[in-house]
Each structure stands twice: as structure tokens, then as C-alpha cells.
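Residue numbers (my numbering): 103 to 720. Okay, so here's the structure we're looking at.
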Amino acid sequence: TEVNHSDINFLFYVFVLNQTANRPKAELRADDRDIPVGGSVTLTCSVNPSSSGWKYFWYRGEKTSEPLTSQLSAGPIRVSEEGVYWCRGGRGEPVYYTEYSDSITIYKKVPNKAVVTLQPNWSEIYRGETITLRCEIKDGGDTEWEYEWRTNSSEKPSNQNELSIRSVSASHSGVYRCKGSENSSTYWSDPFNLTVSDKPQSVLTVSPSWLSAGASVTLNCSFKDQSAGWRFYWYKAVPDPPVNSYSYELLPGSSSGTEQDSYIVHGQTHTAEYACIAGRGDPVYYTYNSKSQFVWSADFHSSVSLTVSPDRAQHFTSDSVSLSCEGNSTEWRVRRLSPEDRDLSDCTTWGTMSGSTCKLNTNQLSDTVYWCESGSGEFSNAVNITIQDKDMILLSPARPVTEGDSVSLSCKLRRQTFDSTVFFYHNEKLIQNDTRWELNISAVSKSDEGFYKCQHSGQESAQSWMSVQAVSRPERSSFPVLLIVGLICGIVLIILLLLLYCYRPSKDTCFKRPIQSESSNTDQNEAQCNTCTSPQHGDVCLYESIKHSEDTEHVAGGYQEVTYSLLELKHFGKKYDSLLYAQDFSHNKGKKKKGGSSPAAADETVYSEVKPGSSLGV
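As C-alpha cells, then:
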């Protein structure tokens, strides 16, 4: 058959087109995209569908660049340089090439280490807080770096070094990793596990729950998994009966929170309700408020008080019990707190409120604390009342008794009378066992405070607490003591000044003091003021004449004793002369002869000379 050349050319063209359209594409894979420091990664090129005879050409950078090696390989190669890699296969002679593979970017690791950090650096993150995850490069990292994040959470991080999350939620929990790259890439950071917990609930405890007047109360605020960095805020409740709620006031010193998770209230005397909350960060993130806790005071106060009728702590279910609020208020609310479920409710729930009096529904068993709240925001004393269906109760005062008063506690049966021994216990210690159904304390003291109960014929009453209130004594003021001391000091000072004035002789004064012998009836004072006739000279003269008794029975021999004394006065002011004469007519020391007279020489004389110096007392 004759073959047309044009037909041959057409068939060849169709063959070439078919071969081009069916050219396979190479596939490039890498065992790692990051080249470790001093290491390499493995690249593998393949042709699909797989067949034998293929050799592979490797390229880095552009497809048009020269192959990496003139030696064709039939298997994988290892590379230690970062860059964009390609490959393609070829076989036959002339070489038939596949399509180029898709590119793979290989990064070379740098020694810088990437680390994911959390700001603020808290060990526990709670729902609603604001946090920042930061990718930090050791000895590197700046605005020219690019960052990459990986996480299994719902968050889609950007290529920035910081990942800020406002109002974090549980969906943000997960593992976060990052790395940085500039001319080369860091390793991926170690995984950072972020866990977002539910908002915590603060819990308040108070100690003691029942207090004595003026005692200190300690408040403690805590919550689960509590860590450092929290500040604590303390509140006191103020009743608002018209709207049946409370308002809360910050306690002194807690407006900015306290670092300590405890707070001491000094000198508390009334029943009070407290609450707390914790917060941290800026803006402050708060926990849930704690439930309110009460500190009970049984002491009676004249401003707001609660009275029970009948006045006892225990009642039968058949009794009629009324609670009355007293004080300067027109609006009242009677409330109670059940110790079992901590349920806080008012009289309208378990009784009937009429004005300031609440009549209890005693059909319901209870062991509950009751108190009044005034319209002015005050709490009354608290009373613990027990309503029970037992056949025996203890009759004890509902309110504290005053120290020194007489108190009577008694056992009461619902229907029958006592016909055998009645046992009374104080703090589980037996204190009386006889047929008397009363326990009388003539003068109650603080040691009598505590729990009491009674037993009879196998029956036992519930125990009740009897509180003993100390007698109030007025505080001693230091003011009267200081006043008395001041007056005494002033009087003593005045007396000293008067004495000084009286003993200071004035100018131109003559002093004359005769001293007479006890045995002599003759006045022998011979002192004269001869030099005091001229007061204008400013002289002060003192003459003293002393005559001693003569003892004629004890004069010895005939000698006499004479004493001379010289006194010099210092100058203290004006140059006035002073002169002092003293003449002493002493008794003879020698023995007098019988029937004779004492010689004149036996007299004892003392002469004193005062040299001119200054006037006395000037």
C-alpha cells in the first residue's frame, strides 16, 4: 500500500501529543522539614505509577537551575542545606523526563531555643481571665523574625511572637508550640500545656462562731487550688429589711485587698455577717463571692434585742413560742439559719410575723439560730432554739445569765411527773443525781458556762448551751490619777516656796533668842543689838545668848573647856556686813567642893566670830 508522507507526519504528531499529555509527575517527600544542627534530612523522589529504570534529578532554588549533582541517583538523598527543593525523574536515551515535583522548603535549625511563656505567669488559669502566650527566642528574636505556632486548641495563632487571648475559655485549653525563623529556623519549642479551669468559688470560715463580748474574730478566705498573687477583699453585711436583702461594706483596710488570706476583727460585740472575695491581675479578675458566714453574739444589747417567750432554749412541738424584736426601729425582720443546709430564711417561711413579733410554727422540728434585723441595719443578739418531739426537755435560759446571779435549770416531761432519780450533766460530767428535777446555782460564775442536759428513766434531753456574761465594770480612767498627782505636786511646791520665804531673813534684822537654863530662875540674857542702830548700812546682826544649867554636883577639879569657832560667810550679792555673836555660859565640868562655890574660871564659854561677808538672805 502506498503510504502518504503527510499521513506519517500526522501520526507522529499525534503520538508526541499523547506522550506529553500522559507524562507522569514526580513526587518529593522529606523525612523532616528542619535540618538539625550538624545534621541532615532525607529527600525521596518517586514516579507514580511506579516502574523500573527511573533516575532522579535534584534541584534547589529554581527549576531551571542546574541539578545538584551530575550523578543521577535511583534512591533518596540526604541534604544539609536549607532551601526550596524539587525533583524529577528521567530514563531512556535520549532521556525522557517526568513533570517536576511540588516544592518542599527545608529549614536549617539554629542553636537558639524557642520557648513558649505565659503572661501572667500563673500556675492555674481560670475562665474569663486575660492571658498572653509569648514565643521567646533565646539570644535572638525581634520584629524581623517570623514566628509559627502549632496548637490542638480552637485558637488560630498568627505569625506574631505574642498570642493574646481575652476572656479565655475552656476551648483555648490545649498544647501550644512555636518556633522562630529569620535566615534560618529555630527548633520547635517544647510543648506548653494550657489548662483553663472554671471560675473559682471563695470559701469563708470564721472563728469563733459564737463569741464573748469584745473578743476578736478571725476570718479566713480560701478556694480550690489557691496560688500566690491573689488579694483578698473582706465585707460586712448590713441588713436592709424593706427590700429583704443585704448591702455589703468593705471592712477597714481592705479596699485594695490584703495579701494575707486572713483578717482579724477586734472588739466585736454584736452579731455580724461577713463575706469575702479574691482577685488578681489588672484589670482585677474576681472569684465568685463566698457564702455569708455569721458570727453569733448571745449578749443582750439595749439598741436591738431579741426575746423569747417562754424564755428557754428548748421547746416541745406542742408549745407556743414567740420571738419579739425590741429597739428603736419601726421595721423588723426575724431570720434564722439552719445548721444542716445553711438555709437562710425569714419568719414568713416558718412562722407568722406581726409587727415586731414572730410566732413560730412549732410543728416543724428544728435546732436553729434566730435573730432580729432592724430597719436601721443592726443585728440583735442571737438565740439558739430547739424544737423537738421528745418526751423530755431541759429548761435553761435562752439568753446569757449574768455572773453572780442565781440560775435554775430543770427537767420537764411532756405528760408525766418524775418518780425516780434525775441526772444533770455539765459538759458530759455528772454534777447532780437525786430526786430533784431542778439544778440550782446560787451564784453563777464563768466556770458554770457550757453544755447542760438531763436524764431520767432512760430518757435524755437534748443539750443546751448556757452562756455566762461577765459583770460589766466601768473602765478606770487615768485622768483622775493624773489630776491628783498634779495637785499634790503643786501643793508641795507651794509649801516649799513658802518655807523658803519664811526662813529667808530680811534686811536690817536683829534676832534675839534667849535660852534659859532649866534649873535657873534668873534671866541672864544679855544679848544686845548694838550694831543694828543703823539700818541704812544694810547690816544684819544676830545675837544669841545661851546660858546652860550649872550642875554643882558634877563639877570636877577646876578646869573649864572653851571652844572657839570661826565662820566665814561667802559673798552672794550686795556688800553688806554681817556680824554674829554667840556667848555661852556653860556649866563647869569640874567637881565642886562641898560648901564652896564654883570658880569663875570653871565656866565654859564658846565664842563664835562671823567675818563680814554678805547680808543673810539677800
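Ideal placement from N, C-alpha and C gives every residue a C-beta, glycine not left out.
- the region 203-219 / the region 285-292 touching (three or more Cβ pairs under 8 Å): yes
- Message: Whole angstroms are fine: how far does the CA of valine 340 sit from the CA of leucine 439?
- Response: Within the sequence shown, residue 439 is the residue found at index 337, counting from 1. Within the sequence shown, residue 340 is the residue found at index 238, counting from 1. So the alpha carbons of these two residues sit roughly 16 Å apart.
- Could you tell me if leucine 130 is buried or exposed, where buried requires 16 or more neighbouring beta carbons within 10 angstroms of its beta carbon? Reading the sequence shown from its first residue, position 28 is the one you call residue 130. Its Cβ being crowded by 16 or more others within 10 Å, leucine 130 is buried.
- Item | Segment limits, beta strand (DSSP E) that includes tryptophan 567 | One-based indexing of the sequence shown puts residue 567 at position 465. First-last of the beta strand (DSSP E) with tryptophan 567: 566-568.
- Whole-angstrom distance between proline 343 and arginine 414, CA atom to CA atom: One-based indexing of the sequence shown puts residue 414 at position 312. One-based indexing of the sequence shown puts residue 343 at position 241. Taking the straight line joining both Cα atoms gives about 27 Å.
- Query: Between valine 367 and serine 482, which are expected to be in contact by the criterion C-beta below 8 Å, what is the C-beta distance as a whole number of angstroms?
  - Reply: Translated into the one-based positions of the sequence shown, residue 367 becomes position 265. Translated into the one-based positions of the sequence shown, residue 482 becomes position 380. Contact doesn't hold; Cβ gap of about 18 Å is too wide.
- Query: How would you write the range of the beta strand (DSSP E) that tryptophan 78 sits in, first residue to last?
  - Reply: Because the chain is modelled from 103 through 720, residue 78 falls outside the range shown and cannot be assessed.
- My guess is that valine 397 and alanine 377 are in contact by the Cβ rule of under 8 Å, so how many angstroms apart are they, rounded? Counting from one through the sequence shown, the residue named residue 397 turns up at place 295. Counting from one through the sequence shown, the residue named residue 377 turns up at place 275. With 8 Å as the limit, valine 397 and alanine 377 do not qualify as a contact, their Cβ atoms being about 12 Å apart.
- Item | Straight-line gap, serine 286 to glycine 140 (C-alpha atoms, nearest Å) | For the purposes of this step, residue 286 is taken as residue 184 along the sequence shown, with counting starting at 1. For the purposes of this step, residue 140 is taken as residue 38 along the sequence shown, with counting starting at 1. Computed Cα separation, rounded: 14 Å.
- Task: Out of Ser357, Lys338, Gly191, Ser358, state which residue places its alpha-carbon closest to the alpha-carbon of glutamate 351.
- Result: Along the sequence shown, one-based indexing puts residue 351 at 249. Checking every option, the nearest Cα to that of glutamate 351 belongs to Lys338.
- Message: Using only the alpha-carbon positions, how far apart do serine 148 and isoleucine 208 sit?
- Response: What you label residue 148 is simply residue 46 of the sequence shown in a count that begins at 1. What you label residue 208 is simply residue 106 of the sequence shown in a count that begins at 1. Straight-line Cα distance between these residues: approximately 18 Å.
- Item | Collapsed DSSP secondary structure at glycine 192 in the structure displayed | Against the sequence shown, residue 192 aligns to sequence position 90. Glycine 192: strand per DSSP, three-state reduction.
- Message: Buried or exposed, going by whether 16 or more other CB atoms sit within 10 Å of the CB of glutamine 561?
- Response: One-based indexing of the sequence shown puts residue 561 at position 459. Classification for glutamine 561: exposed.
- Excluding sequence positions up to five away, which residues of its chain have a Cβ less than 6 Å from the Cβ of proline 283? As a first step, residue 283 is located in the sequence shown; it is residue number 181 there, counting from the start. The sequence given here places serine at residue 283; proline does not occur at that position. Only Glu248 meet the Cβ criterion.
- Query: Mapping DSSP to helix, strand and coil, what is alanine 380?
  - Reply: Within the sequence shown, numbered from 1, the residue matching residue 380 stands at position 278. The answer is strand: DSSP assigns alanine 380 an E or B state.
- Exposed or buried, what is valine 186 when buried is set at 16 or more other beta-carbons lying within 10 Å of its beta-carbon? In the sequence shown, the residue the question calls residue 186 occupies position 84. Result: exposed.
- With aspartate 469 and threonine 488 assumed to form a contact (beta carbons below 8 Å), what rounded beta-carbon distance in angstroms separates them? Position 367 of the sequence shown, counted from the first residue, corresponds to residue 469. Position 386 of the sequence shown, counted from the first residue, corresponds to residue 488. About 5 Å separates the two Cβ atoms, so the contact holds.
- So which of Ser324, Ser299, Leu296 has the shortest CA-CA distance to threonine 307? Working through the sequence shown from its first residue, we reach residue 307 at position 205. Nearest of Ser324, Ser299, Leu296 to threonine 307, Cα basis: Ser324.
- Tell me where the beta strand (DSSP E) around threonine 207 begins and ends. Mapped onto the sequence shown, residue 207 falls at position 105. 206-210 is the span of the beta strand (DSSP E), which, as asked, contains threonine 207.
- Query: Is the beta carbon of tyrosine 335 less than 8 Å from the beta carbon of glycine 355?
  - Reply: Walking along the sequence shown from the start, residue 335 turns up at place 233. Walking along the sequence shown from the start, residue 355 turns up at place 253. No, the Cβ-Cβ distance between tyrosine 335 and glycine 355 is not below 8 Å.
- Message: Count Cβ pairs between the region 431-450 and the region 458-475 that sit closer than 8 Å; are there 3 or more?
- Response: yes
- Put alanine 272 into one of helix, strand or coil per three-state DSSP. In the sequence shown, residue 272 corresponds to position 170, counting from 1. Note: alanine 272 maps to helix in three-state DSSP.
- Tell me phenylalanine 402's beta-bridge partners as DSSP assigns them. For the purposes of this step, residue 402 is taken as the residue at position 300 of the sequence shown. Answer is none; phenylalanine 402 lacks a bridge partner.
- Item | Sequence-distant residues of its chain with Cβ nearer than 6 Å to serine 478 (five each side left out) | On the sequence shown, position 376 is the one that residue 478 refers to. Answer for serine 478: Ser431, listed in chain order.
- Item | CB contact flag (tryptophan 156, glycine 191, <8 Å) | Residue numbering aside, residue 156 sits at position 54 when the sequence shown is read from its first letter. Residue numbering aside, residue 191 sits at position 89 when the sequence shown is read from its first letter. Against a cut-off of 8 Å, the Cβ pair of glycine 191 and tryptophan 156 comes out as a contact.
- Query: With DSSP run on the structure shown, which of helix, strand or coil describes isoleucine 590?
  - Reply: The residue given as residue 590 occupies position 488 in the sequence shown. Three-state result, isoleucine 590: helix.
- DSSP three-state call for aspartate 550: helix, strand or coil? Counted from its first residue, the sequence shown places residue 550 at position 448. Looking at aspartate 550 - three-state DSSP - the assignment turns out to be helix.
- Query: According to DSSP, which residues form a beta bridge with valine 277?
  - Reply: The count along the sequence shown starts at 1 and reaches residue 277 at position 175. Asn295.
- Task: Spatial neighbours of histidine 528 within its chain, please: CB distance less than 7 Å, with the 5 preceding and 5 following residues excluded, ordered by chain position.
- Result: Locating residue 528 in the sequence shown gives position 426, where the first residue counts as 1. Excluding residues within five positions, the ones whose Cβ falls inside 7 Å are Gly552, Tyr554.
- Query: Can the beta-carbon of threonine 409 be found closer than 8 Å to that of serine 426?
  - Reply: Here residue 409 refers to the residue found at position 307 when the sequence shown is read from its first residue. Here residue 426 refers to the residue found at position 324 when the sequence shown is read from its first residue. In this structure, serine 426 lies closer than 8 Å to threonine 409 by Cβ.
- Task: Using three-state DSSP, classify tyrosine 661 as helix, strand or coil.
- Result: Here residue 661 corresponds to residue number 559 of the sequence shown, with the count starting at 1. Per-residue confidence for tyrosine 661 stands at a pLDDT of 39, beneath the threshold of 50, marking its modelled position as unreliable; the derived number appears in the next sentence. Coil at tyrosine 661, not helix or strand.
- Cβ shell of glutamine 557 (< 6 Å), same chain only, five flanking positions each side left out: For the purposes of this step, residue 557 is identified with residue 455 of the sequence shown, where counting begins at 1. Contacts found: Phe525.
- Over what stretch of residues does the alpha helix (DSSP H) that includes threonine 470 continue unbroken? Counting from one through the sequence shown, the residue named residue 470 turns up at place 368. From DSSP, threonine 470 is part of no alpha helix (DSSP H) but of the beta strand (DSSP E) over 468-476.
- Task: Classify arginine 501 as buried or exposed, calling it buried when 16 or more other Cβ atoms lie within 10 Å of its own Cβ.
- Result: Start at 1 with the first residue of the sequence shown, and residue 501 comes out as number 399. Classification of arginine 501: buried, given that the 10 Å Cβ count is 16 or more.
- Message: Check for me: the beta strand (DSSP E) holding tryptophan 434 runs from which residue to which?
- Response: For this step, residue 434 is matched to residue 332 along the sequence shown. Where tryptophan 434 is concerned, the enclosing beta strand (DSSP E) stretches over 434-439.
- Item | Contacts around serine 349, its chain only, beta-carbon distance under 7 Å, and the 5 residues preceding and following it disregarded | Here the question's residue 349 lines up with position 247 in the sequence shown. Once the five neighbours on either side are set aside, the close Cβ partners of serine 349 are Val340, Asp342.
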